[in-house]
Structure formats: C-alpha cells, structure tokens
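Read the structure below first, then the notes.
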Amino acid sequence: MLTSLDEQSSTIVEETENIKCPSCGSNTKFDPETGGLKCPSCSHEMAIEATSKHNVELDFNAAGDSLYHLWQEDKRVFSCDSCGAESVLDANAIADFCSFCGSSHIAVTEKDAGIQPGLMIPFHISKDEAHAKFKEWIKGHFFAPSKLKVSYRLQKISGAYLPYWTYDSETSSRYVVRVGNYYYVTETRTVYEDGKAKQVTEQVRKIRWHRESGIYRKFFDDVLIKASTRVEPKLLQKVQPFQMASLTDYKVDYMSGFLAERYSVSLQQGFTEAQDYMKQRIINGIEGSIAGDIVEVVNVSTDYSDITYKHVLLPLWISSFQFNQKVYQFIVNGQTGKVSGNYPISILKVVLVSISVLVVLFIVYLFIDS
Ligand SMILES: [Zn+2]
Ligand SMILES: [Zn+2]
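Counting from 1, position 216 in the sequence shown corresponds to residue 204 in my numbering; the numbering is continuous, with no gaps.
Pasting the structure below:
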C-alpha cells in the first residue's frame, strides 16, 4: 500500500466522469488557488460559477419521511475498519487509506451518502501550501517520532470536507422565575466589650422574593453544529474560526479531487445539540429581560417551530497516522491556513538528547575541576 502513497494526489480520485478536460480529455480537479477546475495533464483551466442563493433552508420535520434531500449524485461511501470514519467520494474515485487515521484498511460500502450538502466553503489553501505548513510544523517538533516524518515525506495529506449542520428555529418559552429585590433595615443588637454590654445599630441587607411568569420569544438563525466526530475536537478548535460569510452553494465541482466525511452526528442528534445551545441562550435572555437584583429561573418549557436545517461542508487538510494504537493528526484550515496538530513524543530521542546533555555537562565539569 505504501508504494502508492507517493501518487496519492492522483490516485485518491480517479475517473470522475462528469468533469473531463475539454482540451485533452483527462479528469479535471478542483484547484484551490484559482477557485476553478484545472486539468492535471495539460493545465487547462475552467472557471466555476460560484453562487450563493442561500435558499437552501430545508424543512426539519419533513427530513425523516422523504428521500428528496438525499445526495442525488453518484457517490460512494468508504468505511474505515480501524477508526470507523466514513468518507464520501465520487462514484469512480478510490480511497487508498483513511484520511482520519491513516489506516489502509478501508473498503467501499453499500451505504448511501446521506443528505446532500446545501452550502460549503471550497478549499482556498492548495495542497502544496498545506504540505509546506506541515513541513514547517514538523521542523518545530524535534521530539516527534520518525513515523510522522515518513507521512510528511510521502505527502500523505488529504483534503476533506467536514460535515456540519445549521438550524434555524422560532422558539416560544413559558417561564417561571423567582425575583429577589434588596431592601435594608436598621437593626440594633447587643455586643459585649470588656465584659460590658453595648448597643450597636447597623443597616442590614435583606431580600424580598416574588415569582413572575411569562412568555419569552426568540428566533435562532444558523446555529452551527459539528457533525464530524473523526477529528480531534481540541485540534479543530485551534484552527477555527471559518469565515462563514464565504459560504457558497454546494457544487459537485468543488468535490473533485477531495472527499467529504459522511456525517456521524445525525440530523436529529444535531438538533438536540442545537437545542442545548438555544436553551442556554433562552435562559440568559429571560434573566436579562427581568428587572430585579437577583433573577433565578425556576422553570422553562420551550416550543420549537418553523425548524429548518442546512447541511454544510467546511474544508480541512488532514494528515493522520497511528502510533502505538493511538491516532495522531495534523490539520490545516482549508480556508484560512491555520494549523494545529498533536504527536507522540519519541522516548528514544528524549533519552538520547538527555544522555548527550549529561555527557557535555560532565566534560565541562572535568574542565572546571582541573
Ligand atoms: Zn487537459
Ligand atoms: Zn480510519
């Protein structure tokens, strides 16, 4: 398997029938530098007309009972035996290894590609740029084991679109709150000083409580939920944010030469996560809308209506490898170029460096001593 990794860029996607080069007939690929299609054989370029109609809000409640939103294009899903990641590729494309863990135990499945993406941010950072960033990152990590450097040398870095959901919802929340207001009373008490009783007068703060109830309404627009579970969340956090203003309509051309991770958080699970986010905002909103020194929310019950969703893809360069049964990843934000990664520390290198430091110290000691 390793022998083919050198040509990973050409083997990962092959024979995508719908986008042939008009001048030589080769398969074109999406080129992040120009934002168009480029022929790898004759460098012929073709523009892609980017659109952003943003009219792709889909009815959440209708998603379950219709196949209408399924990915209609010819796609195949590859599943990784090692980490379970599912990758969506063009029908005739071949995956040699899993982008998310580096394993070559990856096979095509009968599974459908799921709901078709509506919006995406196409790659803006090219593979060469991502690879250069990988090189720079490795240089700064001397204690990384050689295996990492091998995956760097083989240019084992792939462009994957990560799946996200966004939800819109009207909310109407019935609430009960406990409101406390401060008031002060003058109290006199007896204290003993040197065995003598003495009267002390002071202002003491008290709280008067009452309950209020009402209805709080709020519209939520584009609550973004990650539907990928295959990229280390801490790493992903570090390469964010994505500039969501650049979202454009999904186009099959942007996928050419790239893969998409099939979502592993379902539309329904994603909405449950979105509700957790909304609930917190609703509580904050209720607390902020009520006058009082202390506002405690006792009970909230929320109705969600007019729920719509979009399936969104965001670009990420990934290089993954396994070391002692653990997966390590290096990632580059495909839009902004921000990088992050983790790696195992090579014990051998640490020991060798420690020994050489000790040897140097010993020699210095001998010199000083003589
Ligand atoms: Zn060509
Ligand atoms: Zn895997």
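Using N, Cα and C, we set each Cβ at its ideal position, and we do this for glycine too.
Spatial distance of residue i from residue j (CA atoms)
i: V339; j: F122; result: 25 Å
i: I82; j: D100; result: 16 Å
i: I335; j: Q310; result: 16 Å
i: S(-3); j: P20; result: For S(-3), the predicted model reports a pLDDT of 38, less than 50, meaning its position is unreliable; a value from the coordinates is still stated below. Roughly 14 Å between the two C-alpha positions.
i: D78; j: T159; result: 39 Å
i: W305; j: D116; result: 11 Å
i: V345; j: N330; result: 26 Å
i: Q256; j: K267; result: 16 Å
i: S252; j: I213; result: 12 Å
i: G325; j: S114; result: 9 Å
i: A73; j: I36; result: 30 Å
i: S244; j: A279; result: 56 Å
i: K239; j: G24; result: 11 Å
i: H299; j: W59; result: 11 Å
i: I351; j: S308; result: 42 Å
i: R218; j: L349; result: 46 Å
i: T290; j: F207; result: 12 Å
i: P332; j: V320; result: 19 Å
i: D357; j: I343; result: 21 Å
i: E220; j: K41; result: 32 Å
i: Q313; j: G128; result: 24 Å
CA nearest to the CA of residue i, picked from the options
i: G202; options: I274, A73 and I109; result: I274
i: K26; options: I7, V65, N169 and V44; result: I7
i: A118; options: H299, V227 and Y171; result: V227
i: V288; options: V165, T174, Q191 and Y242; result: V165
i: S157; options: I343, I333 and D294; result: D294
i: S29; options: T39, I94, S67 and C9; result: C9
i: R196; options: Y170, Q313 and R205; result: Y170
i: G90; options: S70, T39 and L223; result: S70
i: L247; options: I94, A148, S254 and P332; result: A148
i: L223; options: V341, V327 and G276; result: V327
i: S146; options: I109, Y180 and C86; result: C86
i: A215; options: N312, T260 and R162; result: T260
i: V286; options: S161, Q225, T39 and E124; result: S161
i: A38; options: Q191, I109, D209 and Y292; result: I109
Residue i, buried or exposed, once every other Cβ within 10 Å from all chains shown has been counted against 16
i: Y297; result: buried
i: C12; result: exposed
i: F66; result: buried
i: Y152; result: buried
i: Q96; result: According to the sequence shown, residue 96 is Val rather than Gln. Looking at its Cβ environment, which holds fewer than 16 other Cβ atoms inside 10 Å, V96 is exposed.
i: E249; result: buried
i: V315; result: buried
i: T189; result: exposed
i: T16; result: buried
i: L354; result: exposed
i: G258; result: buried
i: V341; result: exposed
i: S277; result: exposed
i: G102; result: buried
i: Y163; result: buried
i: K144; result: buried
Cβ-heavy atom distance, residue i to ligand 1, below 7 Å
i: S244; result: no
i: H299; result: no
i: H129; result: no
i: S114; result: no
i: S157; result: no
i: C27; result: yes
i: S11; result: yes
i: S14; result: yes
i: H119; result: no
i: H32; result: yes
Check whether residue i and residue j have beta carbons under 8 Å apart
i: Q317; j: F230; result: no
i: L107; j: D241; result: no
i: A262; j: Y155; result: yes
i: G172; j: R193; result: Gly is not the amino acid found at residue 172; the sequence shown has Tyr there. For Y172 and R193, yes; Cβs fall inside 8 Å.
i: I282; j: G168; result: yes
i: P105; j: L301; result: yes
i: P303; j: F18; result: no
i: K63; j: V76; result: yes
i: Q187; j: T174; result: no
i: F88; j: C68; result: yes
i: Y265; j: V211; result: yes
i: L46; j: H57; result: yes
Cβ-heavy atom distance, residue i to ligand 2, below 7 Å
i: S91; result: yes
i: A73; result: yes
i: S70; result: yes
i: F88; result: yes
Residue i beta carbon near ligand 3 (any heavy atom closer than 7 Å)
i: F66; result: This structure lacks ligand 3; its bound ligands are ligand 1 and ligand 2.
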